[in-house]
Every structure is written in structure tokens, then in C-alpha cells.
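>
Protein chains: 2
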Amino acid sequence: MKKPLILVTNDDGVAAPGIRALVEAAKAIGDVVVVAPDSPQSGQGHAITISDPLRLHQVDLFEGVDIAYECSGTPVDCVKLAKHVVLKGREVDLCVSGINHGSNASINIIYSGTMSAAMEASLEGIDSIGFSLLDYSWDADFQAAREYARQIMEYVLEHGLPQGCQLLNVNFPNLPLPEIRGIRLCRQADARWRENFVEATDPRGQKYYWLTGEFINEDQAEDTDIWALQNGYVSIVPSGHDLTHYAALPHLKALETSAITEKS
Amino acid sequence: MKKPLILVTNDDGVAAPGIRALVEAAKAIGDVVVVAPDSPQSGQGHAITISDPLRLHQVDLFEGVDIAYECSGTPVDCVKLAKHVVLKGREVDLCVSGINHGSNASINIIYSGTMSAAMEASLEGIDSIGFSLLDYSWDADFQAAREYARQIMEYVLEHGLPQGCQLLNVNFPNLPLPEIRGIRLCRQADARWRENFVEATDPRGQKYYWLTGEFINEDQAEDTDIWALQNGYVSIVPSGHDLTHYAALPHLKALETSAITEKS
């Protein structure tokens, strides 16, 4: 049987440990192509580069992966270049993005370069999954995330995603594998950032502002991704061009059972 | 009666003719505050600046507007800085973004800095409208757009937007006022970009790629924004964190009639 072609990207940059974990998971089930940013692109949202040229350089960072490039652009640029330049329109079976160092639950889907890369692929008609781990540190432990990522990719490759919902937002709690209670299909919590700006003066005497903020969730319902993560579950929010796609939730319900039982 | 406070931003930069047209329309109905990028930011999507400091400089470009700043960041940064630094949390009644030089209909809402600025305001609980004119040229004629923008702002200030749908995507056909047939409430057309990359070599002998593309709409239904614009209507797509918010369409249906009858 022909192996599926899996495109891997991220927003933390091609050198991040998170993308290596995702490549490892993807290699177990398909042929892998990597096109990822040459520098960190967190918070880039769905930015594209229209007024500047883009660069691609081959990299030799992933064992057993012949086609791997770093790109000077945003995560969304990477997906476009992968499809139209690197793969010259060859059909991609699945696009996966991440594993992000840090949460993309709730409204972070809107700011996230990781999720925007996945959304771009879904706009191109490719089933896509963004993966994020609730640990911002560079030396985060991706072992449990990698296991779950593989299972979720296998499910999507086997069953496909419903029409109009070619995008999943997957977040992993920062727990070792035995402590993860399974997968929950969720809606995105109605949370938000309470922004703040640090105001300071630069060495030239000019005032500047630096964004900071605190994530606020007042949505206490038990069907949200935030609840699932706080309670030890992997959260999956089906999305699409209309972000949370409520109608698709029941169609994907089987994911919860399939992955929990296959885990041990 | 206290005049409403209207925050105006855009993604073409503070010097663009489109934002001047929008400020003129807003001044007729409220107190106006402007915080807009100091350079063009098209295609920035929902990008935010997290790894660099941001700058704000007062500008004197808008007659009768006392509070106007240019900002070194993205459109989303502008909204955050406006709310938390310039206005120090003072309540904003309406945020408007644009008038963009060029269409943001259909899936362009996802790439658009204009729409992302409006979405950011809606995430902060502020009723928001993004306006775009189907003319990319710098010397576009904004007269008809300005008239319609004023009417739509007045409607939203009077009636508010439905819960969960604090964002409108408004596009104007490139027609003189007498030829515009009115307003249509729409869903976003299921269209997409067919990307292409121009490949070339720079003066240093290095290869580069430059994004280009063609907008493809195979969605022929008559309830889409693309259909409305092609048929001489102003299109309004109600949106939110879940982009097209179908349930809200009937609640806003009155906009069509109110604006058509008030126009002449």
C-alpha cells in the first residue's frame, strides 16, 4: 500500500524540539516532508509575506526525511511554499503543525502561527491538525504528546475529516503518559487575554511598550478545551474556516474512545 | 446626549486615503480616536508583536481629531495599544477598521489585517466593523463607501450587535453612489486563492520566491458576499470568533432595509 504523504511545519522554527517529536511520530506512519520557518514565528497568526521575497534552504536535521527545508517566511508562507514550490502540487494527505511549545487552546487559535499553518492547509483542502503542549520550555517532555499525536494522525488518515471541518486543534496537558486520562472532543472555551503593556524607556531616551498579559477563563462549562486540559485530558477542538465547528463534534466523537482504548 | 467613542484603525497605514474617509464618516456621529500602523500591514492577519517593543507617536493628520497615533506594530497591536495605553481602559463604543484599499470578501477575512484589527476589538467585547473597497488603487474614490460606512456605523451604535457576533465584514463594490443597489446580508463565499510563486534570482545570485495568486470563486450561490458585490450590492457578513456566524444573519436582516431606504 502507498504510504501517505505528511507535510510537517510549525511556528517555533525548524530547530525546535517540538517539530522533531512530531516528525518522529509522522515518520512511523507515512512519508514526511518538512517545511518550517527558519526562526521563531509565535504570534504570527495568519500573516503572509506579500511585499518581500521568500527564501528556502534545504536542511539536514531530520533522520530519514529526504525533503526538509527552512523558510524565511511565516508558518502560512511555509505551507504555501511546500505545496506549490517544494511539492509542485503533489497531493498531500495530511498536514500537521507543531508540536507547539505552549498552549493554543481557546482563542489562542486566532493568534497562533501553529494553528494558522494548519488552517492554511485546510483552506487548500488538506486535512490538517495543529498540536500544542502546555509547556513553554525548550526542553519540554514530548513523549506523551508524540504518542497521542501518532494515534490522532492515524485516525484522521483512516477516517478523514468531515466536509467543512478539515482542521483539528489538539492540545496536550503537561503530564507524563500514564497520568493522561484520554482524549476529549471539545468546543473552544470562551476565554480571553487581559492585556497589559510594560512601559519603559530605551537607551536612546525613547519610550516603548511591550505586550504582556494574563489568560482569563471565566467559562466554567465542562465541554471546553480548557476544562479538558485542566482535568488531565488531551483536548481536540474541530475547527475550520468558521473556527469551532459545532456540527462536526458528534462525527468525531469516536476519536475519544478509539484513542483511549488503543493507548495502553 | 453623550457622543459615542469610536476607535478607528486600518492596515494600509495611518497615511492611507481610506482611513481618512473612515475618520470623516465617524466624526459625523461620534468622538474619534485613531491608532493605526505607521506603515502598510496588508496580509498581517492576526499577527501580534511579542518579541519586540512597540512605539507610539502622535500624528496631526486628521482635522478635528485630538487623539491620533501611529504605531510601529500590526493592526492587532494598534487595537491593544489603543485600548490599554492610549485610552487607558476607557470604554470604546465602536471600533472600525479601514476603509481598506482592496477586497476583504470571502476567505480574505482570514488574511486581512483590516479584519483582524476588528476581530481583536470584538475579542475585547467591542462591537466592530471592518470596511473594504474593491479598488486597490491609492487614489480610489471613497465617496460612496463613506456614505454607506456612516449609515452602517449608525445602525450598529443604535441597535448593537448580537451576542457572539460582535464583528461585521463590510465590502463595497467599486461603483459610484447612484449605481450601488443597496446592502445585502451574506455568508462568506466558499472561495479560495490559487497561489503561485514567481521564482527568480537576486543580485547576489540567490534564488527567491515571491507570492502571487489568483482569487477563485466556484461558489455560485446568491447568498454570498461575492455574489452581492458582483451584483452591485454592499456586502455585510456577520462574523465573530467563529467567523461566519449563520445564526446571526436573521437578526441583522433589518440592516438591508434600513440602509437602502435611508440612502437617498
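Top to bottom, those sequences are chains A and B.
Residue 1 is where the first sequence starts when you use our numbering, and the numbers rise one by one after that.
Residue 1 is where the second sequence starts when you use our numbering, and the numbers rise one by one after that.
Ideal placement from N, C-alpha and C gives every residue a C-beta, glycine not left out.
Just so you know, these numbers come straight off a predicted model, no measurement behind them.
Could you tell me the boundaries of the beta strand (DSSP E) in which A:Trp-210 lies?
Residue numbering aside, residue 210 of chain A sits at position 210 when the first sequence is read from its first letter. Note, A:Trp-210: beta strand (DSSP E), 207-216.
> Any beta-carbon of chain B closer than 8 angstroms to the one on A:Pro-162?
Translated into the one-based positions of the first sequence, residue 162 of chain A becomes position 162. Chain B contact via Cβ: absent.
> Looking at C-alpha atoms only, which residue of B:Gln-230, B:Arg-204, B:Gly-213 is the closest neighbour of B:Ile-180?
Here the question's residue 180 of chain B lines up with position 180 in the second sequence. Residue B:Gln-230 is the option with its Cα nearest to B:Ile-180.
> Could you give the distance in angstroms between the alpha-carbon of B:Thr-212 and the alpha-carbon of B:Lys-3?
Along the second sequence, read from residue 1 onward, the residue named residue 212 of chain B stands at position 212. Along the second sequence, read from residue 1 onward, the residue named residue 3 of chain B stands at position 3. Each residue's Cα considered, the two are about 44 angstroms apart.
> Quick one: using the 10 Å Cβ neighbour count with 16 as the cut-off for buried, is A:Ala-144 buried or exposed?
One-based indexing of the first sequence puts residue 144 of chain A at position 144. Buried, because 16 or more other Cβ atoms sit within 10 Å of the Cβ of A:Ala-144.
> Return no unless some Cβ of chain A is closer than 8 angstroms to the Cβ of B:Gly-13.
Position 13 of the second sequence, counted from the start, is the residue given in the question as residue 13 of chain B. It does not: the Cβ of B:Gly-13 has no partner Cβ on chain A nearer than 8 angstroms.
> How about B:Phe-131 and B:Val-170: do their beta carbons lie closer than 8 angstroms?
By one-based count along the second sequence, residue 131 of chain B stands at place 131. By one-based count along the second sequence, residue 170 of chain B stands at place 170. Taking 8 angstroms as the Cβ cut-off, B:Phe-131 and B:Val-170 qualify as a contacting pair.
> Which of the three DSSP states, helix, strand or coil, is assigned to B:Ser-51?
Here residue 51 of chain B refers to the residue found at position 51 when the second sequence is read from its first residue. In the structure shown, B:Ser-51 sits in coil (DSSP, three-state: anything other than H, G, I, E or B).
> Taking a contact to mean a Cβ-Cβ separation below 8 angstroms, would you say A:Ala-25 touches A:Arg-194 in this structure?
What you label residue 25 of chain A is simply residue 25 of the first sequence in a count that begins at 1. What you label residue 194 of chain A is simply residue 194 of the first sequence in a count that begins at 1. No, they are not a contact pair.
> By alpha-carbon positions, which one of A:Leu-5, A:Cys-71, A:Leu-22 ends up nearest to B:Tyr-209?
Indexing the second sequence from 1 puts residue 209 of chain B at position 209. Of A:Leu-5, A:Cys-71, A:Leu-22, the residue nearest in Cα terms is A:Cys-71.
> Do we get a CB-CB distance below 8 angstroms when we pair A:Pro-266 with the residues of chain B?
Residue 266 of chain A lies beyond the residue range present for chain A, which begins at 1 and ends at 264; the question has no answer from this structure.
> Please go through the same chain and pick out, in chain order, the residues whose beta-carbon is closer than 7 angstroms to the beta-carbon of B:Val-92, but skip the five residues on each side of it.
Looking up residue 92 of chain B in the second sequence gives position 92. Around B:Val-92: Leu-5, Leu-7, Lys-83, Ile-126.
> Does any residue of chain B bring its CB to less than 8 angstroms from the CB of A:His-84?
Translated into the one-based positions of the first sequence, residue 84 of chain A becomes position 84. Taking Cβ atoms only, chain B reaches closer than 8 angstroms to A:His-84, which makes this a yes.
> By the 7 angstroms beta-carbon criterion, what residues does the region 182-196 of chain A contribute toward chain E?
The structure shown contains no chain E; its protein chains are A and B.
> Go ahead and pull the three-state DSSP assignment for A:Cys-165.
As a position in the first sequence, residue 165 of chain A is number 165, starting the count at 1. Three-state result, A:Cys-165: coil.
> Using beta carbons (cut-off 8 angstroms, strictly below), is A:Gln-58 in contact with chain B?
Position 58 of the first sequence, counting from 1, holds the residue named residue 58 of chain A. Taking Cβ atoms only, chain B never reaches closer than 8 angstroms to A:Gln-58, which makes this a no.
> To test your reading of the DSSP string, which unbroken beta strand (DSSP E) runs of 3 or more residues are found completely within the region 20-97 of chain A?
31-37, 56-58, 67-71, all fully within the region 20-97 of chain A.
> Beta-carbon separation of A:Ile-216 and A:Arg-187 under 8 angstroms?
Taking the first sequence and counting its residues from 1, the one referred to as residue 216 of chain A is at position 216. Taking the first sequence and counting its residues from 1, the one referred to as residue 187 of chain A is at position 187. Contact flag unset, no.
> If you follow the beta strand (DSSP E) that A:Ala-200 is part of, which residue opens it and which one closes it?
Here residue 200 of chain A refers to the residue found at position 200 of the first sequence. Per DSSP, A:Ala-200 belongs to the beta strand (DSSP E) from 192-201.
> Interface residues of chain A around B:His-46 at Cβ under 7 angstroms?
Numbered from 1 along the second sequence, position 46 holds the residue referred to as residue 46 of chain B. By Cβ distance, chain A contributes Gly-45, His-46, Ile-110, Tyr-111.
> Exposed or buried, which one is B:Glu-120 when buried takes at least 16 other CB atoms within 10 Å?
To locate residue 120 of chain B, count along the second sequence from 1; it is residue 120. By the 10 Å Cβ count, B:Glu-120 comes out buried.
> Express the C-alpha separation of A:Gly-182 and A:Gly-18 in angstroms, rounding to a whole number.
Numbered from 1 along the first sequence, position 18 holds the residue referred to as residue 18 of chain A. Numbered from 1 along the first sequence, position 182 holds the residue referred to as residue 182 of chain A. So the alpha carbons of these two residues sit roughly 21 angstroms apart.
> Nearest CA to the CA of A:His-46: which residue from B:Val-156, B:Gly-232, B:Ser-116, B:Arg-90?
Position 46 of the first sequence, counted from the first residue, corresponds to residue 46 of chain A. Considering only alpha carbons, the answer is B:Ser-116.
> How do the region 85-103 of chain B and the region 149-156 of chain B stand: do at least 3 beta-carbon pairs fall below 8 angstroms, yes or no?
A contact exists between the region 85-103 of chain B and the region 149-156 of chain B.
> With a threshold of 8 angstroms between beta-carbons, can A:Arg-204 be considered close to chain B, or not?
Numbered from its first residue, the first sequence carries residue 204 of chain A at position 204. It does not; no Cβ of chain B falls within 8 angstroms.
> Counting C-beta neighbours from all protein chains within 10 Å, is the total for B:Lys-207 16 or more, i.e. buried, or is it exposed?
Position 207 of the second sequence, counted from the start, is the residue given in the question as residue 207 of chain B. Counting Cβ neighbours within 10 Å, B:Lys-207 comes out exposed, since fewer than 16 surround it.
> Between B:Tyr-209 and chain A, is any beta-carbon pair separated by less than 8 angstroms?
Residue mapping note: residue 209 of chain B aligns to position 209 of the second sequence, counting from 1. Yes, contact with chain A.
> Going by beta carbon distance, what residues of the same chain come within less than 6 angstroms of B:Asp-11, once the five residues before and after it are set aside?
Working through the second sequence from its first residue, we reach residue 11 of chain B at position 11. Once the five neighbours on either side are set aside, the close Cβ partners of B:Asp-11 are Gln-41, Ser-42, Pro-75, Gly-113, Thr-114.
> Classify A:Glu-124: buried if its beta carbon has 16 or more other beta carbons within 10 angstroms, exposed otherwise.
Position 124 of the first sequence, counted from the first residue, corresponds to residue 124 of chain A. Buried.
> Report the residue from B:Val-79, B:Ile-29, B:Asp-38 whose alpha carbon sits nearest the alpha carbon of B:Leu-61.
Taking the second sequence and counting its residues from 1, one reaches residue 61 of chain B at position 61. The residue with the shortest Cα to Cα distance from B:Leu-61 is B:Asp-38.
> Less than 8 angstroms between the C-beta atoms of A:Ala-118 and A:Ile-129, yes or no?
Within the first sequence, numbered from 1, the residue matching residue 118 of chain A stands at position 118. Within the first sequence, numbered from 1, the residue matching residue 129 of chain A stands at position 129. In this structure, A:Ile-129 lies closer than 8 angstroms to A:Ala-118 by Cβ.
> Against A:Pro-37, what residues of chain B qualify as contacts under a CB-to-CB distance less than 8 angstroms, listed in chain order?
Translated into positions along the first sequence, residue 37 of chain A becomes position 37. Within chain B, no residue comes near A:Pro-37; the closest Cβ sits about 13 angstroms away, beyond 8 angstroms.
> Would you verify that the beta carbon of A:Arg-90 is, or is not, closer than 8 angstroms to some beta carbon of chain B?
Taking the first residue of the first sequence as position 1, residue 90 of chain A is located at position 90. Not an interface residue.
> Find the residues of chain B that neighbour A:Ile-67, judging by a C-beta separation of less than 7 angstroms, and give them in chain order.
In the first sequence, counting from the first residue as 1, residue 67 of chain A sits at position 67. Near A:Ile-67 there are no residues of chain B at all, since even the closest Cβ is about 16 angstroms away, more than 7 angstroms.
> Note the first and the last residue of the continuous beta strand (DSSP E) segment covering B:Arg-146.
For the purposes of this step, residue 146 of chain B is identified with residue 146 of the second sequence, where counting begins at 1. Per DSSP, B:Arg-146 belongs to no beta strand (DSSP E); it is in the alpha helix (DSSP H), 143-159.
> Comparing C-alpha positions only, which one of B:Ala-15, B:Arg-20, B:Leu-22, B:Asp-52 sits nearest to A:Val-198?
By one-based count along the first sequence, residue 198 of chain A stands at place 198. Among B:Ala-15, B:Arg-20, B:Leu-22, B:Asp-52, the Cα nearest to that of A:Val-198 belongs to B:Asp-52.
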